[in-house]
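*Asks:* Just dropping this structure here.
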Amino acid sequence: MSPLEILRTRFGYSSFRLEQEAIIQSVLQRKDTFVLMPTGGGKSLCYQVPALLLDGLTVVISPLIALMKDQVDALRLNGVQAAYLNSTQSGAEQDAIISKVLSKEMKLLYLAPESSFFRRLSSFNVSLVAVDEAHCISHWGHDFRPEYLLLNQLKQTLPNVPVIALTATADKVTQRDIIEKLALRNPAVFVSSFNRANIRYTVEPKKRSFEKLLGFLETRKEESGIIYCLSRVATDSLAADLAKEGFNVLPYHAGMEKEQRARHQEMFLRDDVKIMVATIAFGMGIDKSNVRYVVHMDLPKNIESYYQETGRAGRDGLESEALLYYTYADVSKMKKFVEIEGNAEQTRIYLKKLDQMAAYGDLVTCRRQYLLNYFDEPAPSYCGNCDICLTQVEREEGTVQAQKVLSAVTRLQERFGTNYVIDVLRGSNSAKIMDDHRALKTFGVGADTSKEEWVSIIRDLLAQGYLAKSDGTYPVLKLTPKSAAVLRGAERVMLVRSKEKLPAPMMQVAE
Ligand code: ADP
Ligand code: ZN
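In structure tokens:
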């Protein structure tokens, strides 16, 4: 069977996403492979599909027992022989699993990095090792777990077995560190784009944030969302306050009883409750496609966390919101709490990452660009879908204005430049205006709009391709194939509304 056939028959999906197929090919060629792909991108299939194509066992290293259980349950539902081994199981349970491993019935085995079964791996006929959440091995990452360091023995224990390391969060330094600590040999590296184009990033001052939040939620009553708070106390009280206001909401944090937590999560996944007010304990491994917004009432510790938490919105690809209430006071407060025991280096990294998070709140340039650059990904300075891009460049209905310009250009037989066209539109008394142009139907139809505004409207029409400019020393305005539909009234035109924030448009257009 081919990887695609496995995907279709065993997982029920019709095609691969992003770089899944190339990654799977790399693994099947027994290459060490490094995968950086955003949360929700589909990392699991990158080792699950090979697991079903390879002869032996695929061992998956994963940090959280709860996540292992979810993954294994999902695989079993698809009829895949999978299991995990951990300390919560009885000896008999473990023996049953190991005998299936030894008789080669088992295809996937999940282990925590500190598992005592590590020593026995060389007797297990292992074909592939997948290290999930691989950033946990690096001090440079934001979620270092000392037990992951045990994995630096991996290549010694299983020298001829390919390793695939996967993470959703690693800057360049962390990437190199992961590759080095796992001793990957000449790995194939796959880095997917981190851009989540359907998520709109917005930051608002954290002042009267509860009232602001009510306003935000008011128009989203039918939609699912997650609201993150820093503390358990704040989580409980915000959930209670929202419930008082009539919202369908429940809290979630690690201080709650396990059963209650599981119940709340289940209700959220089933859409029985719309809003989950939660600490960061909520979300790891949550796979709900229709989360429409993620709100942060308090500042996250670092960009990695912020990106992961906001990334839980809009997995279905539909328009979604990421809203942060920001004040520098949060930064000062968090700095006071920092005390990573006896480790100056860790503290330094923590503080640096916190400052980078704060800088996000203070941005006056595109937030998406900042996020992507943070992950070493190049990005344009305008995304059109963050508050900065949208407030500085807000669009409004401008069809009538556009029609005025285009019909003036038509009547002037496409022989004049911007300034002359504007003079005609404004009905200028300027001596330059030729007498037959004073008689044009369009003469003076734009007197209600200032010259500066016409200049920016024409620039915008040029940028959007409704107008063109001829080459040469005295460029003239020309119609384009897109002009006709606007003149007929068959196409709406949205124009940039220039705000005070932008520099005042030039009085004279250099032509
Ligand atoms: P990650 O580990 O990268 O956060 P997952 O492996 O959990 O992501 O996948 C996220 C979701 O996308 C899952 O529901 C998964 O079943 C789904 N998915 C992954 N690959 C595909 C695909 N090729 N086609 C359709 N759905 C997919
Ligand atoms: Zn932007």
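For the sequence shown, UniProt numbering gives the first residue as 1, with consecutive numbering after it. We treat Cβ as the ideally placed atom computed from N, Cα and C, and that holds for glycine. Bear in mind that the values here come from a model prediction, so they are computed numbers and not experimental data.
Which of helix, strand or coil does DSSP assign to H135?
*Replies:* In the sequence shown, the residue the question calls residue 135 occupies position 135. H135 falls in the helix class under three-state DSSP.
*Asks:* Quick one, are the C-beta atoms of L128 and A51 less than 8 angstroms apart?
*Replies:* Reading the sequence shown from its first residue, position 128 is the one you call residue 128. Reading the sequence shown from its first residue, position 51 is the one you call residue 51. Against a cut-off of 8 angstroms, the Cβ pair of A51 and L128 comes out as a contact.
*Asks:* Determine the closest residue to E204 out of P38, E414, V27 and D362, with distance taken between C-alpha atoms.
*Replies:* For the purposes of this step, residue 204 is taken as residue 204 along the sequence shown, with counting starting at 1. Among P38, E414, V27 and D362, the Cα nearest to that of E204 belongs to D362.
*Asks:* In the DSSP assignment, find the unbroken alpha helix (DSSP H) run with S305 in it and report its ends.
*Replies:* Against the sequence shown, residue 305 aligns to sequence position 305. Per DSSP, S305 belongs to the alpha helix (DSSP H) from I303 to T310.
*Asks:* Does the beta carbon of A168 fall short of 7 angstroms from some heavy atom of the ligand ADP?
*Replies:* The count along the sequence shown starts at 1 and reaches residue 168 at position 168. Checking every heavy atom of the ligand ADP against the Cβ of A168, one is found closer than 7 angstroms.
*Asks:* How big is the Cα-Cα spacing for R10 and A82?
*Replies:* Looking up residue 10 in the sequence shown gives position 10. Looking up residue 82 in the sequence shown gives position 82. If I take the Cα positions, the gap works out to 13 angstroms.
*Asks:* Should F210 go down as buried or exposed, given a rule of 16 or more other Cβ atoms within 10 Å for buried?
*Replies:* For the purposes of this step, residue 210 is identified with residue 210 of the sequence shown, where counting begins at 1. By the neighbour-count rule (16 or more Cβ atoms within 10 Å), F210 is not buried but exposed.
*Asks:* Please look up how many angstroms separate the CB atoms of R30 and P146, rounded, as I've assumed it's under 8 angstroms.
*Replies:* For the purposes of this step, residue 30 is taken as residue 30 along the sequence shown, with counting starting at 1. For the purposes of this step, residue 146 is taken as residue 146 along the sequence shown, with counting starting at 1. Wrong, their Cβ atoms sit about 30 angstroms apart, outside the cutoff.
*Asks:* Around the C-beta of G446, are 16 or more other C-beta atoms found within 10 angstroms, so that it is buried, or is it exposed?
*Replies:* Residue 446 sits at position 446 when you count from the first residue of the sequence shown. Buried is the call here.
*Asks:* According to DSSP, I199 sits in a beta bridge with which residue or residues?
*Replies:* The count along the sequence shown starts at 1 and reaches residue 199 at position 199. Its beta-bridge partners are S320.
*Asks:* Near L467, which residues of its chain fall below 8 angstroms by C-beta distance, leaving aside the five closest residues on each side in sequence?
*Replies:* Within the sequence shown, numbered from 1, the residue matching residue 467 stands at position 467. The answer, listed in chain order, is V405, L406, V409, I458, L461, L477, K478, L479, T480 and S483.
*Asks:* Going residue by residue through the UniProt domain "Helicase C-terminal" (209-355), where are the continuous beta strand (DSSP E) segments of at least 3 residues, counting only ones entirely within it?
*Replies:* 224-228, 249-252, 275-278, 291-296 and 320-326
*Asks:* Rounded to the nearest angstrom, how far is the Cβ of F194 from that of I23, given a contact under 8 angstroms?
*Replies:* Within the sequence shown, residue 194 is the residue found at index 194, counting from 1. Within the sequence shown, residue 23 is the residue found at index 23, counting from 1. In fact, because the Cβ distance is near 16 angstroms, the residues do not count as touching under 8 angstroms.
*Asks:* What does the Cβ neighbour count give for V173, buried or exposed, with the cut at 16 atoms within 10 Å?
*Replies:* For the purposes of this step, residue 173 is taken as the residue at position 173 of the sequence shown. Exposed, by the Cβ-count rule.
*Asks:* Which residues in the same chain have their Cβ closer than 6 angstroms to the Cβ of K181, if we skip the five residues on either side of it in sequence?
*Replies:* Here residue 181 is taken as the residue at index 181 of the sequence shown, counted from 1. Counting only Cβ-Cβ distances below 6 angstroms, and skipping sequence neighbours, we find I137 and N152.
*Asks:* Looking at the ligand ZN, does it come within less than 7 angstroms of I286, judged from the CB to the closest heavy atom?
*Replies:* Sequence index remark: in the sequence shown, residue 286 carries index 286 (1-based). No, the ligand ZN has no heavy atom inside 7 angstroms of this Cβ.
*Asks:* Between residue 514 and the rest of its own chain, which residues show a CB-CB distance below 7 angstroms, the 5 nearest in sequence each way excluded?
*Replies:* For the chain, the structure presents residues 1 to 511; residue 514 sits outside this window and is missing.
*Asks:* Considering K478, what are the terminal residues of the beta strand (DSSP E) in which it resides?
*Replies:* Start at 1 with the first residue of the sequence shown, and residue 478 comes out as number 478. Membership of K478 in the beta strand (DSSP E) is indicated by the continuous run L477 to L479.
*Asks:* Compare the C-alpha of N78 against each of V49, T39 and S99 and name the closest.
*Replies:* Position 78 of the sequence shown holds residue 78. Closest by alpha carbon: V49.
*Asks:* Between R263 and the ligand ADP, is there a pair consisting of the residue's CB and a ligand heavy atom that are separated by less than 7 angstroms?
*Replies:* For this step, residue 263 is matched to residue 263 along the sequence shown. R263: no, Cβ never under 7 angstroms from the ligand ADP.
*Asks:* Reducing DSSP to helix, strand and coil, say where F117 ends up.
*Replies:* As a first step, residue 117 must be located in the sequence shown, where it is residue number 117. F117: helix per DSSP, three-state reduction.
*Asks:* Work out the CA separation of L18 and S115 for me, nearest whole Å.
*Replies:* Along the sequence shown, one-based indexing puts residue 115 at 115. Along the sequence shown, one-based indexing puts residue 18 at 18. Cα to Cα, S115 sits roughly 33 angstroms from L18.
*Asks:* Is the closest heavy atom of the ligand ZN to the C-beta of Y360 under 7 angstroms?
*Replies:* Residue mapping note: residue 360 aligns to position 360 of the sequence shown, counting from 1. Checking the Cβ of Y360 against the ligand ZN gives no.
*Asks:* I'd like to know whether the C-beta atoms of C386 and R196 end up nearer to each other than 8 angstroms.
*Replies:* To locate residue 386, count along the sequence shown from 1; it is residue 386. To locate residue 196, count along the sequence shown from 1; it is residue 196. Using a Cβ distance threshold of 8 angstroms, C386 and R196 do not count as a contacting pair.
*Asks:* Look at V364 and T418 and say whether their C-beta atoms are less than 8 angstroms apart.
*Replies:* As a position in the sequence shown, residue 364 is number 364, starting the count at 1. As a position in the sequence shown, residue 418 is number 418, starting the count at 1. No, Cβ-Cβ distance for V364 and T418 is not below 8 angstroms.
*Asks:* Determine the direct distance from the alpha carbon of I227 to that of K212, and round the result to whole angstroms.
*Replies:* Here residue 212 refers to the residue found at position 212 when the sequence shown is read from its first residue. Here residue 227 refers to the residue found at position 227 when the sequence shown is read from its first residue. Approximately 13 angstroms, taken between the alpha carbons.
*Asks:* Smallest Cα separation from E397: which of V331, R492, A344 and G311?
*Replies:* Taking the sequence shown and counting its residues from 1, the one referred to as residue 397 is at position 397. Cα-wise, what sits closest to E397 is R492.
*Asks:* Looking at Y293 and E223, is the spacing between their C-beta atoms short of 8 angstroms?
*Replies:* Here the question's residue 223 lines up with position 223 in the sequence shown. Here the question's residue 293 lines up with position 293 in the sequence shown. Yes, the pair counts as a contact, with Cβ atoms nearer than the cut-off.
*Asks:* What residues come near the ligand ZN, if near means a beta carbon less than 5 angstroms from any of its heavy atoms?
*Replies:* Those residues, listed in chain order, are C366, R368, C383, C386 and C389.
*Asks:* Report whether the distance from the Cβ of K212 to the nearest heavy atom of the ligand ADP is below 7 angstroms.
*Replies:* As a first step, residue 212 is located in the sequence shown; it is residue number 212 there, counting from the start. No; taking the cut-off as 7 angstroms, the Cβ of K212 has no heavy atom of the ligand ADP nearer than that.
*Asks:* Taking the DSSP output, what are the residues bridged to I24?
*Replies:* Here residue 24 corresponds to residue number 24 of the sequence shown, with the count starting at 1. Per DSSP, none; premise fails for I24.
*Asks:* Say yes only if the C-beta of Q20 is nearer than 7 angstroms to one or more non-hydrogen atoms of the ligand ADP, and no if none qualify.
*Replies:* Position 20 of the sequence shown, counting from 1, holds the residue named residue 20. Of the heavy atoms belonging to the ligand ADP, at least one sits nearer than 7 angstroms to the Cβ of Q20.
*Asks:* Determine the direct distance from the alpha carbon of K43 to that of F282, and round the result to whole angstroms.
*Replies:* On the sequence shown, residue 282 is found 282 positions in, with the first residue counted as 1. On the sequence shown, residue 43 is found 43 positions in, with the first residue counted as 1. Distance between the alpha carbons of F282 and K43: 20 angstroms.
*Asks:* Drop a sphere of 10 angstroms on the beta-carbon of G298, count the other beta-carbons inside from all chains shown, and report buried for 16 or more, exposed for fewer.
*Replies:* Your numbering for residue 298 matches position 298 in the sequence shown. Correcting the residue identity first, residue 298 is Asp in this sequence and not Gly. D298 is buried by the Cβ-count criterion.
*Asks:* Any idea which residues DSSP pairs E19 with across the strands?
*Replies:* Position 19 of the sequence shown, counting from 1, holds the residue named residue 19. Residue pairing by DSSP places E19 in no beta bridge whatsoever.
*Asks:* Between the alpha carbons of E133 and V249, how many angstroms are there, rounded?
*Replies:* The sequence position of residue 133 within the sequence shown is 133, counting from 1. The sequence position of residue 249 within the sequence shown is 249, counting from 1. Rounded to the nearest angstrom, the two C-alpha atoms are 30 angstroms apart.
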